[in-house]
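First comes the structure, then the notes that go with it.
2 protein chains.
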Amino acid sequence: MQKTVAIVGLGLIGGSYAKALARHPHYKIIGIDKDPEIIRMAISDKAISQGGDASSLPLADIVLLALYPQATIDYIKENGDKFKKGAIVCDLCGVKSAVCEEIIPFSKEKGFAFIGAHPMAGKEVSGYQNSEATLFQNSSFIITPQDAPHEAIDTLTKLAFDAGFCQVVQTTPHDHDKRIAFTSQLPHAIACAYVKSPRSRQYKGFSAGSFKDVSRVALINEKLWSELFLMNSNKLSDEIDLLIKHLSEIRDAMDRGDKESLEKLLADSRKIMEEL
Amino acid sequence: MQKTVAIVGLGLIGGSYAKALARHPHYKIIGIDKDPEIIRMAISDKAISQGGDASSLPLADIVLLALYPQATIDYIKENGDKFKKGAIVCDLCGVKSAVCEEIIPFSKEKGFAFIGAHPMAGKEVSGYQNSEATLFQNSSFIITPQDAPHEAIDTLTKLAFDAGFCQVVQTTPHDHDKRIAFTSQLPHAIACAYVKSPRSRQYKGFSAGSFKDVSRVALINEKLWSELFLMNSNKLSDEIDLLIKHLSEIRDAMDRGDKESLEKLLADSRKIMEEL
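This is the structure:
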């Protein structure tokens, strides 16, 4: 049976979902975007079968919200009465506790199933123009369903595989946020701090790859990432403190000229990498 | 006219030089390594035309030292009388001031031309077994010749291009060490500090690439890198302090919930990246 999927926000992520799912006759895609030009492009690309706005929400069995975190919360709150009874509503933000804590009680009140999700895929560029049907291939789709109905979890899991993800990971919003603070937000904070050295303007010819690896994600969208950082600030703050502690240990051993301690600090890191 | 090149230490770097230069009839390669098995392998690979030891040094027009930094200094000091008059002796260590300050006056006394160098290429694995003729392709060869004779610089530059490097960068030992502290040593310190978070054991499924980018070089050779860090400790220590300062600014803006400052801090980094 065909499912109607409304995708709200046809940027990099929403556009890629539309293109990936449009390949499956199983899904009919309604695209919702404030820019009519994007809607026209998406129809012409056959990424969506029609455009719409919030008034189209009652048609959707599944609603995917590909908006910034605060905009996601606001959109759901403003349109709480428009979702079909029993519809599956899913956000795609990089933080989960802040969204789930606010939306799950609201969804129960309004009679739709909310599932927090986070696609582990992206690009350094944004916008529909950069979206592609293959963006999610070989990537992980994280969901934090809490006590959502099993059928809703199953439907969303199937949708993830249909969109190209290679695995679906279920966890709690708290666990997601703790792990993502380390694996994704901390590298972004490191990159932004790293490139501020005056030496970053002189790296050419002096790096065999390390500079590019560390600095890559400093090409950051500051509006999006400020929201993500602030909605997960305790956990990211803890990771930054821990990193500073471990950097200071290396610096202090160096400053003391203490080769034995320095070797041990580096060897400990090597051993962790060997285990991973 | 054929030049005789002695390569001391047939590990990843020395072995790769041998394999790259052996393709050119212009060079005759003598391999010097304390492990006779490596010499046998290198002869069988036609990477060297003969094995040797310090007693072969007087035959060499060019001596490339592919040893650890302290071992490089010790080897040159111990064998100062064996180099041919006017021979070009070149180290390949990742730090330059510590080596050049000790060796350049010594080389003048002994009558050979010493040029410090640093090939911007490597691998996460070491040893002759991992060496390859193409290791240096598309890489940068840095030299810090100070007041070495022009002919020596020209000869070493030609040798670098013959080994596959795509550019040769001339600078001073001080400038090299300052830039390398940032582009190479700091990323290694970051990687080693980063993986020490307990969350590193749980990264799977929670990273779209950032975790791997930052952690890659934590698979470190602690004996080599402790030497490199300690021989450049002031400059690396300064870069660590600067990174901690910039990380702390991000953390403090987050802790204050100060969205405007946080956005500005991230936007500043983005702008630097756009300029690079």
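Chains as they are written, first to last, in this note's numbering: chain G, 1 to 276; chain H, 1001 to 1276. Note that beta-carbon positions come from the ideal geometry of N, C-alpha and C, so glycine has one too. Computed from a predicted model, the values in this text were never measured in an experiment.
Tell me whether the beta-carbon of Y242 (chain G) lies closer than 7 Å to the beta-carbon of S1197 (chain H). Within the first sequence, numbered from 1, the residue matching residue 242 (chain G) stands at position 242. Within the second sequence, numbered from 1, the residue matching residue 1197 (chain H) stands at position 197. Just to set this straight, residue 242 (chain G) is Leu in the shown sequence, not Tyr. It is a contact, given that the beta carbons lie within the stated cut-off.
Is the Cβ-Cβ distance between C1090 (chain H) and P1173 (chain H) less than 7 Å? Taking the second sequence and counting its residues from 1, one reaches residue 1090 (chain H) at position 90. Taking the second sequence and counting its residues from 1, one reaches residue 1173 (chain H) at position 173. Not in contact: C1090 (chain H) and P1173 (chain H) (Cβ atoms no closer than 7 Å).
Identify, in the order they occur along the chain, each residue of the same chain with its Cβ nearer than 6 Å to the Cβ of E239 (chain G), setting aside the five sequence neighbours on each side. Sequence index remark: in the first sequence, residue 239 (chain G) carries index 239 (1-based). The answer, listed in chain order, is A181, F182, L186.
Using only the alpha-carbon positions, how far apart do I1104 (chain H) and L228 (chain G) sit? Taking the first residue of the second sequence as position 1, residue 1104 (chain H) is located at position 104. Taking the first residue of the first sequence as position 1, residue 228 (chain G) is located at position 228. Their Cα atoms are separated by approximately 53 Å.
Rounded to a whole number of angstroms, what is the C-alpha to C-alpha distance between K212 (chain G) and S126 (chain G)? Here residue 212 (chain G) corresponds to residue number 212 of the first sequence, with the count starting at 1. Here residue 126 (chain G) corresponds to residue number 126 of the first sequence, with the count starting at 1. Looking at the two C-alpha atoms, the distance is approximately 20 Å.
Collapsed DSSP secondary structure at R218 (chain G) in the structure displayed: Within the first sequence, the letter at position 218 stands for residue 218 (chain G). The sequence shown places Ala at residue 218 (chain G), rather than the Arg named in the question. Helix, per DSSP.
If we count Cβ pairs, one from each stretch, closer than 8 Å, do we get three or more for the stretch 111 to 119 of chain G versus the stretch 135 to 150 of chain G? yes
List the residues of chain H that G257 (chain G) touches, going by C-beta distances under 9 Å, in chain order. Locating residue 257 (chain G) in the first sequence gives position 257, counting from the first residue. Within chain H, the residues near G257 (chain G) are L1230, S1233.
Along the stretch 171 to 187 of chain G, what residues have a CB closer than 8 Å to any CB found in chain H? H176, K178, R179, I180, A181, F182, T183, S184, L186, P187
Top-ranked residue by Cα proximity to K245 (chain G), from G:L265, G:V95, G:Q202: In the first sequence, residue 245 (chain G) corresponds to position 245, counting from 1. Nearest of G:L265, G:V95, G:Q202 to K245 (chain G), Cα basis: G:L265.
D162 (chain G) to L92 (chain G), Cα distance in whole Å? Position 162 of the first sequence, counted from the first residue, corresponds to residue 162 (chain G). Position 92 of the first sequence, counted from the first residue, corresponds to residue 92 (chain G). So the two alpha carbons sit approximately 16 Å from each other.
By Cβ distance below 8 Å, which residues in the same chain neighbour I48 (chain G) in space, the five residues on each side in sequence not counted? Numbered from its first residue, the first sequence carries residue 48 (chain G) at position 48. Once the five neighbours on either side are set aside, the close Cβ partners of I48 (chain G) are I7, L10, A18, A22, I29, I30, G31, I39, A42.
My parser needs the beta strand (DSSP E) runs of 3 or more residues fully inside the stretch 1125 to 1208 of chain H; what are they? 1140 to 1144, 1167 to 1170
So, helix, strand or coil for D53 (chain G), using DSSP? Stepping through the first sequence from its first residue, residue 53 (chain G) is reached at position 53. Coil at D53 (chain G), not helix or strand.
Take K271 (chain G) as the anchor and find which of H:V1095, H:S1248, H:S1200 has the nearest alpha-carbon. The sequence position of residue 271 (chain G) within the first sequence is 271, counting from 1. Out of H:V1095, H:S1248, H:S1200, H:S1200 has the C-alpha closest to the C-alpha of K271 (chain G).
Go ahead and pull the three-state DSSP assignment for V5 (chain G). Walking along the first sequence from the start, residue 5 (chain G) turns up at place 5. Three-state result, V5 (chain G): strand.
If you run the structure through DSSP and keep just helix, strand and coil, what is Y1075 (chain H)? On the second sequence, residue 1075 (chain H) is found 75 positions in, with the first residue counted as 1. DSSP places Y1075 (chain H) in helix when its eight states are reduced to three.
Around the C-beta of C166 (chain G), are 16 or more other C-beta atoms found within 10 angstroms, so that it is buried, or is it exposed? In the first sequence, the residue the question calls residue 166 (chain G) occupies position 166. Label assigned to C166 (chain G): exposed.
Spatial neighbours of V168 (chain G) within its chain, please: CB distance less than 6 Å, with the 5 preceding and 5 following residues excluded, ordered by chain position. For the purposes of this step, residue 168 (chain G) is taken as residue 168 along the first sequence, with counting starting at 1. Excluding sequence neighbours, V168 (chain G) sits near F141, T157, A160.
Go through its chain and collect everything with a Cβ distance to Q137 (chain G)'s Cβ below 6 Å, but skip five positions before and after it. The count along the first sequence starts at 1 and reaches residue 137 (chain G) at position 137. Contacts found: G164.
Between F1211 (chain H) and chain G, is there a C-beta pair that is closer than 7 Å? Stepping through the second sequence from its first residue, residue 1211 (chain H) is reached at position 211. True, the Cβ-Cβ gap to chain G drops below 7 Å.
With 7 Å as the threshold, decide whether the Cβ of C93 (chain G) is near any Cβ in chain H. Indexing the first sequence from 1 puts residue 93 (chain G) at position 93. No, no contact with chain H.
Element boundaries [alpha helix (DSSP H), containing P277 (chain G)]: The structure shown does not extend to residue 277 (chain G), since chain G spans only 1 to 276, so no value can be given for it.
List the endpoints of the continuous alpha helix (DSSP H) containing L64 (chain G). Numbered from 1 along the first sequence, position 64 holds the residue referred to as residue 64 (chain G). Counting along the chain, L64 (chain G) falls outside any alpha helix (DSSP H), though it belongs to the beta strand (DSSP E) covering 62 to 65.
Under the rule that 16 or more other beta-carbon atoms within 10 Å means buried, what is G954 (chain H), buried or exposed? Chain H is shown only over 1001 to 1276; residue 954 (chain H) falls outside these bounds and no answer can be derived.
R1199 (chain H) touches chain G at which residues, Cβ-Cβ below 8 Å? The sequence position of residue 1199 (chain H) within the second sequence is 199, counting from 1. Simply K178, R179, A181, F182, T183, E239.
Locate the beta strand (DSSP E) running through V1089 (chain H), then write down its first and last residues. Position 89 of the second sequence holds residue 1089 (chain H). First-last of the beta strand (DSSP E) with V1089 (chain H): 1088 to 1091.
Are E124 (chain G) and A1267 (chain H) touching if we call contact CB-CB under 7 Å? Position 124 of the first sequence, counted from the start, is the residue given in the question as residue 124 (chain G). Position 267 of the second sequence, counted from the start, is the residue given in the question as residue 1267 (chain H). Contact: no.
Buried/exposed call for K77 (chain G), threshold 16 Cβ in 10 Å: By 1-based counting over the first sequence, the position of residue 77 (chain G) is 77. Flag for K77 (chain G) reads exposed.
Exposure label - K1085 (chain H); buried when at least 16 CB within 10 Å: Mapped onto the second sequence, residue 1085 (chain H) falls at position 85. The residue is exposed, with fewer than 16 neighbouring Cβ atoms inside 10 Å.
Closer than 7 Å by beta-carbon distance: list the chain H residues that pair up with E263 (chain G), in chain order. As a first step, residue 263 (chain G) is located in the first sequence; it is residue number 263 there, counting from the start. The answer, in chain order, is E1222, K1223, S1226.
8 Å contact criterion, which C192 (chain G) and I1190 (chain H) should meet: CB distance rounded: By 1-based counting over the first sequence, the position of residue 192 (chain G) is 192. By 1-based counting over the second sequence, the position of residue 1190 (chain H) is 190. About 13 Å separates the two Cβ atoms, so there is no contact after all.
What does the Cβ neighbour count give for H1150 (chain H), buried or exposed, with the cut at 16 atoms within 10 Å? Counting from one through the second sequence, the residue named residue 1150 (chain H) turns up at place 150. When all chains shown are included, H1150 (chain H) counts as exposed.
Does any residue of chain G have a CB that is nearer than 7 Å to the CB of K1196 (chain H)? For the purposes of this step, residue 1196 (chain H) is identified with residue 196 of the second sequence, where counting begins at 1. At least one chain G Cβ lies under 7 Å of K1196 (chain H).
In its own chain, which residues sit with a C-beta less than 7 Å from the C-beta of D81 (chain G), not counting the 5 before and 5 after it? Working through the first sequence from its first residue, we reach residue 81 (chain G) at position 81. If we look at D81 (chain G) and ignore the five residues flanking it on each side, its Cβ neighbours are K110.
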